[in-house]
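Chains as they are written, first to last, in our numbering: chain D, 95 to 538; chain C, 95 to 538; chain V, 95 to 538.
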Amino acid sequence: MTQAPAPELSDIAQALCAALILMVPLAAAGLALTQAGLGRSRSAAHAMLGAVLAVAVAALAYFVCGHSWQGFPGRPAHAFTAAGKAWNWIGAEPFFLGGLPLDASPASLAAWLRMFGVGIAALIPLGAGSDRWRLGASCASTAVLAGWTYPLFAHWVWGGGWLAQLGVNLGLGYGFLDPGGAGAIQAVGGLTALSIAWILGPRHGKYASDGTPAAIPGHNAVLVLFACFLTWLGWIGLNGAGSLLLVGGSTASVTLAAINTTLCAAAAGLAAAAITRLRFGRPDASLCANGWTGGLVASSAACAFVSPAAAVITGAVAGVLITFSVEWLDARRGVDDPAGSISVHAVGGIWGLLALGMFAQIPRDWVLNGVRAGNPNQWLAQLIGVATLVGFVLPMTYSLNWLLNRFYPQRVSAEGEPHGLDLYELGSGAYPEFVIHREDFRPR
Amino acid sequence: MTQAPAPELSDIAQALCAALILMVPLAAAGLALTQAGLGRSRSAAHAMLGAVLAVAVAALAYFVCGHSWQGFPGRPAHAFTAAGKAWNWIGAEPFFLGGLPLDASPASLAAWLRMFGVGIAALIPLGAGSDRWRLGASCASTAVLAGWTYPLFAHWVWGGGWLAQLGVNLGLGYGFLDPGGAGAIQAVGGLTALSIAWILGPRHGKYASDGTPAAIPGHNAVLVLFACFLTWLGWIGLNGAGSLLLVGGSTASVTLAAINTTLCAAAAGLAAAAITRLRFGRPDASLCANGWTGGLVASSAACAFVSPAAAVITGAVAGVLITFSVEWLDARRGVDDPAGSISVHAVGGIWGLLALGMFAQIPRDWVLNGVRAGNPNQWLAQLIGVATLVGFVLPMTYSLNWLLNRFYPQRVSAEGEPHGLDLYELGSGAYPEFVIHREDFRPR
Amino acid sequence: MTQAPAPELSDIAQALCAALILMVPLAAAGLALTQAGLGRSRSAAHAMLGAVLAVAVAALAYFVCGHSWQGFPGRPAHAFTAAGKAWNWIGAEPFFLGGLPLDASPASLAAWLRMFGVGIAALIPLGAGSDRWRLGASCASTAVLAGWTYPLFAHWVWGGGWLAQLGVNLGLGYGFLDPGGAGAIQAVGGLTALSIAWILGPRHGKYASDGTPAAIPGHNAVLVLFACFLTWLGWIGLNGAGSLLLVGGSTASVTLAAINTTLCAAAAGLAAAAITRLRFGRPDASLCANGWTGGLVASSAACAFVSPAAAVITGAVAGVLITFSVEWLDARRGVDDPAGSISVHAVGGIWGLLALGMFAQIPRDWVLNGVRAGNPNQWLAQLIGVATLVGFVLPMTYSLNWLLNRFYPQRVSAEGEPHGLDLYELGSGAYPEFVIHREDFRPR
């Protein structure tokens with residue numbers, strides 16, 4: 095038996111873990127506001143309702159079957175054999191959270207944290223589908239994500255699956271490490287966002303016939319920047335709770351995780367401000383917000399394992415990467431991602447996973463994923479995880495959404511889109527008493 | 095002496111309880127935004143100021159006398175004798191939080207939680223009085239609610255009073271159970287909201303002469319839906335802290351309470367979306383928000399005592415009930431409740447109390463309200479509590495507010511109302527730089 | 095050696111302290127919304143982006159050198175000798191958070207709390223500079239505040255410095271006490287806000303040639319009042335965590351701190367409502383919000399050391415003081431402080447420090463700042479602290495910002511200001527789809 099049980103938590107660490115998990119809904123609130131604020135006013139209620147329903151669908155799908163397939167280290171799972179070792183590939187818990195007494199045990203706390211985490215993952219694609227993704231289709235797509243795609247990858251990382259076993263089975267460091275979910279939440283969500291953006295195509299009027307993109311500014315920058323404060327807090331919860339569950343033992347890892355999360359976001363936000371100031375002559379508010387959140391995303395992997403200085407470097411690189419990625423996708427690849435979800439969550443998350451491989455300084459006496467001694471080649475385990483995300487999860491999530499689109503078209507009809515999703519799908523606007531400019535934006 | 099002392103909390107459970115109580119202001123923030131967003135823009139600052147002042151008045155009234163009358167199990171109370179038993183009917187603590195050293199004891203934590211809880215109860219009627227309830231009168235009404243109505247009923251439920259004693263004295267289950275306040279906070283607030291809606295009458299222009307209601311959409315759906323995230327978090331705090339204080343012992347009950355709260359809200363929000371989609375062809379954003387919050391309300395009773403599957407059922411029923419209740423009150427009963435407070439908090443809360451009677455699976459070795467063994471007929475205790483709310487609390491809160499209205503008219507003057515409460519009562523609008531449609535809405 | 099080590103915290107108190115620190119970003123979110131909401135719509139994105147970047151700069155400056163100079167009781171510091179005693183005047187930690195293993199120790203938790211606290215201090219001046227402070231200059235000023243001014247004073251109060259040593263060295267009570275930062279965060283920030291308001295001068299159009307001030311209402315009262323809920327929660331975190339770190343030991347002090355914080359804010363908000371109602375005939379929404387937040391500020395000093403009744407009195411006085419201070423600065427002193435930062439944070443904070451001297455009832459067996467027995471003359475220690483703020487910190491922060499202004503002009507150019515900072519500095523507005531009244535306000 096090569097699967098290691100999860101580490102124990104002291105009673106106090108259990109309570110602190112619960113207090114940290116409590117913060118995660120603020121990350122959801124922040125992402126929802128970011129997406130609504132970066133979209134058009136005529137789809138703002140739709141964006142927010144889509145976010146509430148996505149969280150609801152995700153929680154129910156995770157309850158019905160997601161948890162069963164995610165599993166938990168040391169609990170039932172299906173395995174295959176390769177290279178003479180057993181590798182877990184999917185959990186085998188009963189459906190409906192059946193087999194687990196819900197108390198303060200690590201397995202229970204993990205179920206709670208993962209139920210909230212899948213809500214975060216489910217929100218990410220909404221930002222890429224703003225202003226054109228039908229509400230029913232987004233709920234269906236969320237069910238697929240939360241009921242299958244996310245649990246599968248999360249099992250591999252957090253459920254004692256084969257990525258976590260890379261340390262025990264092959265001696266690659268401690269196996270793939272991702273305490274806060276830079277891969278399992280953010281990159282999975284961000285790659286699904288990419289799939290959705292490809293499947294839906296750009297908004298009407300986004301690209302001229304020669305491919306020149308129009309700038310379509312978000313309708314409420316105050317909400318977008320306010321959201322930075324909420325995501326900050328929510329991410330400390332994600333990262334702190336994830337670190338406790340991975341490291342086990344006492345509460346000692348939380349302070350480092352919180353400080354690193356903050357420094358990473360700060361450096362990323364300032365890097366985005368500096369880059370946009372240098373390139374366009376003025377700092378760009380929405381790219382700064384994207385940079386800040388991208389710094390949080392990047393911090394999710396390494397927060398508990400690096401020095402504060404490494405967190406600053408990780409954040410600064412994240413801020414630069416995301417700024418260029420947003421522009422590259424928009425102007426070069428013709429991918430219309432109004433909220434920057436792909437760049438923030440997929441690019442930021444993948445960078446964070448690699449940064450862990452570069453900067454992690456893991457004390458020799460820690461036990462992570464069942465490995466006590468520090469094996470070499472942690473970076474290789476991280477690389478395998480990233481390759482799995484890009485080479486397996488992306489095609490899978492694209493295919494599933496493409497299939498869904500065959501049976502249940504995801505894009506709003508061409509006559510509905512100009513009215514805005516609020517009027518067309520909900521029958522009333524978000525701001526019925528305010529006078530709105532109705533003219534469309536011109537290509538720049 | 096038939097009154098049982100409150101259960102002890104471990105040191106760790108005390109700390110976690112404090113961390114959960116911290117979340118309750120977010121529930122207040124969420125309710126305030128919901129009410130402001132569902133009202134008119136010309137009363138939006140008034141709605142928010144009314145919410146801040148209601149919380150302030152409630153905290154002070156609870157400090158002055160509310161806590162004295164609420165009391166705490168095992169501490170001084172006045173009792174009457176009936177059927178050969180002593181029944182507590184009101185607490186007898188010193189005024190001004192006098193007799194209680196404020197530390198981490200269960201009694202102290204309860205005082206803190208109840209001070210925040212009374213703020214939640216005080217916000218609920220504001221939603222029913224939107225756009226026409228004078229600020230001073232709403233403060234006076236809040237003082238009555240927080241200084242008398244709420245503490246009295248809360249004593250019966252949480253202070254070792256007669257509803258809690260139904261188990262010890264009459265063998266009805268564990269006595270009336272309501273850990274998170276579905277009755278003591280939500281239904282008390284919701285029934286007061288009903289009284290206020292009756293006393294104030296509908297907004298000018300809400301009903302045509304033949305009784306046909308006009309649809310008056312809320313002025314900011316983004317705030318309303320954003321609030322769903324805040325109430326989610328706030329309710330986990332309410333439910334988790336209340337469960338700890340009722341169950342005592344360790345931190346084990348919090349994970350179940352948090353997961354059940356989430357699933358109940360998720361099912362209720364989706365049920366409201368499905369119902370409005372089926373009936374009107376389109377999901378209704380504000381009814382979905384009402385459904386979500388109503389699911390949270392319904393979860394407050396049973397969250398710590400039911401399986402996740404029962405929480406899903408409770409939520410789904412709550413979502414359906416609330417959707418129909420909103421329409422029934424609006425179209426059939428001529429009750430103008432702009433924020434849906436009556437349906438969400440009174441209907442949702444009462445349903446939650448009954449659902450506890452139906453679904454609760456309380457471990458035999460738990461001690462609740464001083465009862466160790468599981469008596470039969472828990473549902474009867476719940477029914478008696480609900481009957482007390484409808485048959486005693488509603489008439490009392492109606493009478494008190496009716497009396498208040500005699501001496502201090504609650505409704506804004508007829509010439510003031512069309513200007514909006516912001517200009518008329520505060521002298522300036524919420525959004526002075528935005529251009530607003532001023533025309534009134536037509537009957538549908 | 096006259097410097098006392100910091101008190102120990104139980105394991106549980108460490109976890110609760112972490113849970114309280116988690117709340118501080120909500121205080122930051124609340125201040126940011128207050129300032130954006132009380133400013134003009136044409137500078138709203140700028141206000142929010144300035145807030146995010148201020149938090150980012152503050153965190154990085156604290157990381158680079160701020161922590162080194164703040165230090166922690168019992169750790170390395172530079173001292174001078176006077177009256178035969180050694181007095182610490184600046185910390186001597188390594189830069190880049192170097193010397194401190196970041197775990198759950200009090201020193202680590204303090205570093206985390208102070209990193210967030212400096213973000214709060216950094217936000218305060220932004221409110222005084224609304225609508226005219228250049229983004230780059232505000233970031234530079236923040237770096238000075240977070241890298242020098244704040245750490246220096248914080249060392250004196252929280253790092254075992256000379257103000258904290260007044261008890262040990264001179265027998266003045268327990269030395270200067272300020273658990274939640276009424277002085278070290280709020281007054282330092284508020285006095286910097288005063289410096290900024292002086293250096294920038296009033297907004298264009300604020301004063302007629304005869305000095306008559308124009309009323310320039312905030313553009314979004316809903317955000318301002320919503321922020322009251324966020325600051326409430328954030329301040330309980332600041333005050334609770336600060337109290338734990340100062341008092342040490344168990345979790346017992348948190349309930350009192352939370353209840354006092356709430357009552358202080360409630361009394362202050364209601365006092366502001368009553369005063370404005372009496373003087374102007376109508377309650378003023380923005381002054382009520384200022385009063386509420388000012389009550390929170392005032393509570394930061396004494397929250398853990400006074401009875402709830404004293405907290406109510408402290409709050410009521412704060413509400414009155416702040417209301418008059420806002421008007422006096424605006425109408426008599428020609429100081430244009432759009433968000434009321436000076437009155438709320440400097441006046442409120444200084445009043446709170448004095449109120450501690452008046453009302454504190456500190457148990458004889460507590461150890462605070464290394465002093466066990468209750469020396470007399472606590473009020474004198476508080477007075478010395480206040481005198482240091484007004485007589486030393488204010489001139490220092492003014493000089494530093496004046497110097498900065500020589501090399502890097504802080505005020506936006508005269509041709510840029512009428513366009514609004516959003517268009518002029520960021521290139522796009524906060525609300526591009528909403529129709530805005532563009533006319534300027536007239537003198538009243």
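All C-beta atoms in this analysis are idealised placements derived from N, C-alpha and C, irrespective of residue type, glycine included.
Sheet register partners of residue i (DSSP bridge)
i	result
V:Thr-175	V:Ala-180
C:Val-465	C:Leu-462
C:Tyr-525	Paired residues: none, contrary to the question.
D:Ile-416	According to DSSP, which records beta bridges pairwise, D:Ile-416 is partnered with nothing at all.
D:Tyr-301	D:Pro-307
D:Leu-103	D:Gly-343
D:Arg-371	For D:Arg-371, which the question treats as bridged, DSSP gives no partner whatsoever.
C:Arg-228	None; C:Arg-228 has no bridge partner.
Amino acids of chain D, ordered along the chain, whose beta-carbon sits closer than 8 angstroms to that of residue i
i	result
C:Met-142	Here the premise fails: no neighbours, minimum Cβ distance about 16 angstroms.
Backbone CA spacing between residue i and residue j [nearest angstrom]
i	j	result
D:Phe-190	C:Leu-381	27 angstroms
D:Leu-239	V:Ala-412	52 angstroms
C:Met-142	C:Glu-519	13 angstroms
V:Leu-114	V:Gly-334	6 angstroms
V:Arg-500	V:Arg-297	20 angstroms
V:Leu-488	V:Ile-218	14 angstroms
V:Gln-539	V:Ala-449	Only positions 95 to 538 of chain V appear in this structure, which leaves residue 539 of chain V out of reach.
D:Phe-399	D:Ala-392	13 angstroms
C:Gly-343	C:Asp-105	9 angstroms
C:Glu-511	D:Gly-312	35 angstroms
D:Ile-290	D:Gly-230	14 angstroms
D:Gly-363	D:Gly-388	8 angstroms
V:Ala-433	C:His-513	27 angstroms
Residue i classed as buried or exposed, judged by whether at least 16 other C-beta atoms fall within 10 angstroms
i	result
D:Pro-200	buried
V:Leu-127	buried
C:Glu-102	exposed
D:Ala-176	exposed
V:Arg-136	buried
C:Tyr-76	In the structure displayed, chain C extends from 95 to 538; residue 76 of chain C sits before or after that span and is not available.
C:Leu-324	buried
C:Gly-409	buried
Contacts of residue i in chain D (Cβ-Cβ under 9 angstroms)
i	result
C:His-313	Tyr-525, Pro-526, Glu-527 and Phe-528
Neighbour list for residue i in chain D, Cβ cutoff strictly below 7 angstroms
i	result
V:Ser-522	Pro-311
Closer than 9 angstroms at the beta carbon, the chain V residues around residue i
i	result
C:Ser-380	In chain order: nothing, as chain V lies at least about 17 angstroms away.
C:Ala-130	Val-316, Leu-319 and Phe-320
Cross-chain neighbours of residue i in chain C, by beta carbon under 9 angstroms
i	result
D:Glu-509	Here the premise fails: no neighbours, minimum Cβ distance about 16 angstroms.
Partner residues on chain V for residue i, Cβ-Cβ distance less than 7 angstroms
i	result
C:Ile-106	Ile-106
Proximity test, residue i beta-carbon vs the ligand ZN heavy atom, cut-off 7 angstroms
i	result
V:Ile-353	Only the bare structure without any ligand can be found here, which leaves the ligand ZN out of the picture.
Are three or more beta carbon pairs between the segment 456–463 of chain V and the segment 264–277 of chain V nearer than 8 angstroms?
-> Contact holds: three or more Cβ-Cβ distances are below 8 angstroms.
Using 8 angstroms as the threshold, is the segment 330–347 of chain V in touch with the segment 367–385 of chain V, meaning 3 or more CB pairs across them?
-> Contact fails between the segment 330–347 of chain V and the segment 367–385 of chain V, because fewer than three Cβ pairs, one in each stretch, are under 8 angstroms apart.
Report yes or no: do three or more beta-carbon pairs, one from the segment 285–303 of chain V and one from the segment 210–230 of chain V, lie closer than 8 angstroms?
-> Yes, they touch.
Would you call the segment 170–189 of chain D and the segment 351–365 of chain C in contact, with 3 or more CB pairs under 8 angstroms?
-> Counting C-beta pairs closer than 8 angstroms gives fewer than three between the segment 170–189 of chain D and the segment 351–365 of chain C, which falls short of the contact rule.
Sufficient close CB pairs (3 or more, under 8 angstroms) joining the segment 460–472 of chain D to the segment 480–496 of chain D = Taking a cut-off of 8 angstroms on C-beta distances, the segment 460–472 of chain D does not touch the segment 480–496 of chain D, as fewer than three cross pairs fall below it.
How do the segment 234–254 of chain D and the segment 313–320 of chain D stand: do at least 3 beta-carbon pairs fall below 8 angstroms, yes or no?
-> Verdict: no, contact absent.
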